[in-house]
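Chains as they are written, first to last, in my numbering: chain R, 1451 to 1792; chain B, 1451 to 1792. What follows is a single structure, written as structure tokens, with notes after it.
Right, here's the structure in full:
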């Protein structure tokens, strides 16, 4: 007898778009001391700020290591649920499950294989087990996908189209020997995706090998925000130009061309010799709101207003994110939406 | 609200002894090509042999990577259940859950934290997630223990006593800063253990930093098999002497002294420059049987008969294990018993 309940998917799974209604937002309490160093406390304050901001619009669960539960609870304050589970790091977008709807509109979860962004950080066993643990906690049907992937590497329109970068997903540090077709087949089965729009890569300093969530995302079917290439001297210029060309030539799963809206980028900045990867694209659409990272940069206002205009029915909220991006990601990277039943 | 269903254990969990009745045996299909090299096929044949041998006495589930399912199914033959789940390596004793009884005698599972024996092998994300995945598949209550541990690092008598080596569990490559008392507290809560007998260490060439399952195990309450120290020139001599002294001085959870029976060891042997870690102690008690590894060694018969005499009511079965130990472990290392309800 061969049994494969967790690795064979039923027909009809589909990942909803991020702007569809959420049941809850999942986050993780900062904990990797070698990553944050002396800035760990600042990071925790910043994560707690993000959690409280989101909690004005939808419930938030903060996953925290068992020994950090008391601190997380105190710093987040009332109204944030704390769930004790072992964590190596705190990027729930990448280490949490990707939630999908089943054919009846119920909730299911995809647990991707995880290797800490191509084995950049050790240890990573708790993070590799986290998706399964979250789904077990929710008593939610779980499917283990045969692909090393982080949630920040994909953006979907909820209607069968997915944006991704080749540099991250097809990287030999994650899926050696895997090609486009094989990956697209997995996205078809696990996420209900019939059209993948492949961008070339992401931001040069991004330790994720260029997650799409720092450079482009769907904001509605047929409409995409994308990082503006900026100036020719910018190390990201060529890549972002290439990506824009691909987006403008692309068709979505329904055969539509895409409206592409450029979002300015903040200036390059280093702290402690570490190049910060700052992107306004790394925002989080909560129920009735859009939580936008800002960086004390001259481009803050313009970027904020572009994103706010994209979601005219939502309340735009700016959150200071320099203490988050010091660890490598933005607001989108530290959040994982659990969609409501369809 | 603070929530910790998966990390807070109810009262009354207890790990049964291995000789208590099993519902099933879990194994994993060899897959880490960098470990097995050209001997991968031989390893698969050997694992299939072990599976078929055990299946004469109790049901066996072979976990195999999704792309290995067809091969595993063909090589194992009828009567072995194959379950598709992602695996990095194939030592289910160390990567599977430790099954326990709850206060009512029902089944529950402990998922230990896993870091590939102190980060000796990469990747290890699939193995770190395996226990949770197996427990999700079984729809069995799961508890995530806050300790890096492999199942081969412990042996219990089912009555509250546990054998372990300091060199493995207290190693800074697994649980830095953790001491005896803290670990004993975790064993108390998760395994129902009130007395831990700490041995100093294991075999020098053992990549597990000296798992107890190569040097000593309970075979009945109050009775232990232990590896014989052998000769003074043997690199394991001093450590095994120390362990014997500790065993002879120890008391179990019920205050009993232990009867300690020495088991001879096979001769040292290398293949491809790799020192094989061969131990007769690394056997598996199946329902009504005891599956004993043999090595084409002059000590085979003596060791086999010592172990057979220890289980007079069971059928002793010898299995050639050189092709298994090439990968680092024995029959005990590649099996994980799922106990029957109490």
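For each residue, glycine too, the CB sits at the ideal point set by N, CA and C.
Burial state of residue i (16 or more Cβ within 10 Å)
{"i": "residue 1461(B)", "result": "exposed"}
{"i": "residue 1791(R)", "result": "exposed"}
{"i": "residue 1581(R)", "result": "buried"}
{"i": "residue 1609(R)", "result": "buried"}
{"i": "residue 1704(B)", "result": "exposed"}
{"i": "residue 1707(R)", "result": "exposed"}
{"i": "residue 1760(R)", "result": "buried"}
{"i": "residue 1786(R)", "result": "buried"}
{"i": "residue 1699(R)", "result": "exposed"}
{"i": "residue 1594(B)", "result": "buried"}
{"i": "residue 1545(B)", "result": "buried"}
{"i": "residue 1494(R)", "result": "buried"}
{"i": "residue 1683(B)", "result": "exposed"}
{"i": "residue 1464(B)", "result": "buried"}
{"i": "residue 1543(B)", "result": "buried"}
{"i": "residue 1631(B)", "result": "exposed"}
{"i": "residue 1529(R)", "result": "exposed"}
{"i": "residue 1716(R)", "result": "buried"}
{"i": "residue 1762(R)", "result": "exposed"}
{"i": "residue 1622(B)", "result": "exposed"}
{"i": "residue 1795(B)", "result": "Not covered by the structure: residue 1795(B). The range shown for chain B is 1451 to 1792."}
Residues near residue i in its chain [Cβ-Cβ closer than 6 angstroms; skip 5 each side]
{"i": "residue 1778(B)", "result": "1657"}
{"i": "residue 1590(B)", "result": "1557 and 1559"}
{"i": "residue 1523(B)", "result": "1532"}
{"i": "residue 1750(R)", "result": "1744"}
{"i": "residue 1772(R)", "result": "1745"}
{"i": "residue 1478(R)", "result": "1513, 1537, 1540 and 1542"}
{"i": "residue 1459(B)", "result": "1593, 1639 and 1640"}
{"i": "residue 1754(B)", "result": "1742 and 1768"}
Beta-carbon proximity of residue i to residue j, cut-off 8 angstroms
{"i": "residue 1547(R)", "j": "residue 1536(B)", "result": "no"}
{"i": "residue 1673(B)", "j": "residue 1714(B)", "result": "no"}
{"i": "residue 1541(B)", "j": "residue 1784(B)", "result": "yes"}
{"i": "residue 1587(B)", "j": "residue 1612(R)", "result": "no"}
{"i": "residue 1650(B)", "j": "residue 1665(B)", "result": "no"}
{"i": "residue 1575(R)", "j": "residue 1575(B)", "result": "yes"}
{"i": "residue 1512(B)", "j": "residue 1496(B)", "result": "no"}
{"i": "residue 1592(R)", "j": "residue 1577(R)", "result": "no"}
{"i": "residue 1685(B)", "j": "residue 1469(B)", "result": "no"}
{"i": "residue 1605(R)", "j": "residue 1564(R)", "result": "no"}
{"i": "residue 1711(R)", "j": "residue 1769(R)", "result": "no"}
{"i": "residue 1662(B)", "j": "residue 1624(B)", "result": "no"}
{"i": "residue 1559(R)", "j": "residue 1585(R)", "result": "yes"}
{"i": "residue 1561(B)", "j": "residue 1758(R)", "result": "no"}
{"i": "residue 1774(R)", "j": "residue 1739(R)", "result": "no"}
Contacting residues, own chain, Cβ-Cβ under 7 angstroms from residue i (five flanking each side not counted)
{"i": "residue 1721(B)", "result": "1776"}
{"i": "residue 1424(B)", "result": "What the structure shows of chain B is the stretch from 1451 to 1792, and residue 1424(B) is not part of that stretch, so it cannot be assessed."}
{"i": "residue 1660(B)", "result": "1615, 1617, 1618, 1651, 1652 and 1653"}
{"i": "residue 1637(R)", "result": "1612, 1643 and 1646"}
{"i": "residue 1628(B)", "result": "1620"}
{"i": "residue 1498(B)", "result": "1525 and 1526"}
{"i": "residue 1689(B)", "result": "1650 and 1651"}
{"i": "residue 1503(B)", "result": "1741, 1767 and 1769"}
{"i": "residue 1521(B)", "result": "none"}
{"i": "residue 1534(B)", "result": "1514, 1516 and 1519"}
Expected contact under 8 angstroms - CB spacing of residue i and residue j to nearest Å
{"i": "residue 1788(B)", "j": "residue 1549(B)", "result": "5 angstroms"}
{"i": "residue 1732(B)", "j": "residue 1782(B)", "result": "4 angstroms"}
{"i": "residue 1552(R)", "j": "residue 1467(R)", "result": "The pair is not a contact, with the Cβ atoms about 17 angstroms apart (cut-off 8 angstroms)."}
Cβ neighbours of residue i in the same chain (closer than 8 angstroms, five flanking residues each side left out)
{"i": "residue 1485(B)", "result": "1539, 1571, 1777 and 1778"}
{"i": "residue 1555(B)", "result": "1791 and 1792"}
{"i": "residue 1634(R)", "result": "1643 and 1646"}
{"i": "residue 1483(R)", "result": "1490"}
{"i": "residue 1702(R)", "result": "1607, 1609, 1610, 1611, 1645, 1647, 1671, 1672 and 1708"}
Contact the region 1737-1745 of chain R vs the region 1689-1706 of chain R: 3+ CB pairs below 8 angstroms: These segments do not touch.
The region 1471-1485 of chain R in contact with the region 1502-1509 of chain R per 3-pair CB rule at 8 angstroms: Because the criterion of three Cβ pairs below 8 angstroms is met, the region 1471-1485 of chain R and the region 1502-1509 of chain R touch.
Given 8 angstroms, three or more beta-carbon pairs between the region 1664-1679 of chain R and the region 1633-1644 of chain R: Short answer: they don't touch.
Given 8 angstroms, three or more beta-carbon pairs between the region 1482-1498 of chain B and the region 1726-1742 of chain B: Touching, no.
Segment contact, 8 angstroms Cβ cut-off, at least three pairs: the region 1515-1531 of chain B with the region 1559-1572 of chain B: Verdict: no, contact absent.
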